[in-house]
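The sequence shown: position 101 = 104 (the working numbering), numbered continuously. Every residue gets a Cβ at the ideal spot worked out from N, C-alpha and C, and that includes glycine. Before any comments, here is the structure.
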Amino acid sequence: MVRKVRIYPDPVLRKVAKPVEDLNGEVLNLAEDLVDTMLAYEGLGLSANQVGSLLRVIAVYKGEFTGREGEAQVLVNPEVVYYEGEDVDEEGCLSFPGLYFDVKRPYLAVVKALELRDGELVPVEITATGLYARVLQHEIDHINGVLYIDYLPPRERMRRLREWKEKRKQKLSV
Ligand code: ZN
């Protein structure tokens, strides 16, 4: 089921999500909804917070990196255990429609998680680089209540948010 994506400054975006203790119906529903919603909004990733749930679950659109259309990956309790390098690229976020800017992040990230495969949780350790590493880090930030705007210097953050809100107001009032 496609859920409504929460838009900044919805307070749920600043909450720290709780670890998943066991694979129950709530988690399975959330995982399915995350994938449906991510695909419907054509996002590269989506976190539980963004659909109003506070469990540590994220979805990543792997099709973008593998070329297999529609392929999504659901990770439970993901954490970055190692990172290195540096990479600057433009980032967007479904919770900030239309707001894009460059964010500096490590180029490589090793992520430990439980991957949901055919209704089971499989321990995985993913070594990701480039855009894949970027998306994983962006989504893991979300379940920690961290947003990509936090990487901007305070003055620039205020300016960009002001412009973004202004643009949205105009768009919504047309
Ligand atoms: Zn985001």
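Residue i: first and last residue of the uninterrupted alpha helix (DSSP H) it sits in
i, result
"Tyr135", "133-146"
"Leu175", "157-176"
Residue i Cβ short of 8 Å to ligand 2 heavy atom set
i, result
"Gln140", "Ligand 2 is absent from the structure shown, which contains only ligand 1."
C-alpha distance - residue i paired with residue j, whole-angstrom precision
i, j, result
"Arg162", "Arg108", "22 Å"
"Arg120", "Leu26", "12 Å"
"Arg9", "Ser50", "11 Å"
"Ser176", "Lys170", "10 Å"
"Leu42", "Val5", "9 Å"
"Ile129", "Arg71", "18 Å"
"Ile61", "Glu82", "11 Å"
"Glu29", "Gly148", "21 Å"
"Leu150", "Lys174", "23 Å"
"Phe99", "Leu111", "25 Å"
"Gly122", "Val138", "23 Å"
"Phe68", "Leu164", "30 Å"
"Glu24", "Val15", "20 Å"
"Glu74", "Pro12", "30 Å"
"Leu134", "Lys172", "31 Å"
"Phe104", "Val127", "31 Å"
"Pro22", "Glu35", "18 Å"
"Glu166", "Glu159", "11 Å"
"Gln76", "Asp39", "12 Å"
"Glu45", "Glu118", "21 Å"
"Leu102", "Lys168", "10 Å"
Range covered by the beta strand (DSSP E) that runs through residue i
i, result
"Lys107", "104-108"
"Lys115", "111-120"
8 Å contact criterion, which residue i and residue j should meet: CB distance rounded
i, j, result
"Val31", "Val54", "With the sequence shown as reference, residue 31 is identified as Leu, and Val is not the correct amino acid for it. That belief does not hold up - the Cβ atoms of Leu31 and Val54 are roughly 14 Å apart, past 8 Å."
"Gly141", "Glu94", "It is worth fixing the name first, because residue 141 is His in this sequence and not Gly. Indeed they touch by this definition, with Cβ atoms about 7 Å apart."
"Glu113", "Val84", "The displayed chain sequence assigns Val, not Glu, to residue 113. So it is a contact: roughly 5 Å between Cβ atoms."
"Ala116", "Leu58", "That belief does not hold up - the Cβ atoms of Ala116 and Leu58 are roughly 13 Å apart, past 8 Å."
"Tyr154", "Val106", "5 Å"
"Leu33", "Ser56", "5 Å"
"Asn52", "Ile143", "The pair is not a contact, with the Cβ atoms about 11 Å apart (cut-off 8 Å)."
Entirely within the stretch 66-90 and at least 4 residues each: give me those alpha helix (DSSP H) ranges in chain order. 66-69
Identify every run of the alpha helix (DSSP H) within the stretch 26-70, keeping only runs that are complete inside it and at least 4 residues long; order them along the chain. 28-43, 66-69
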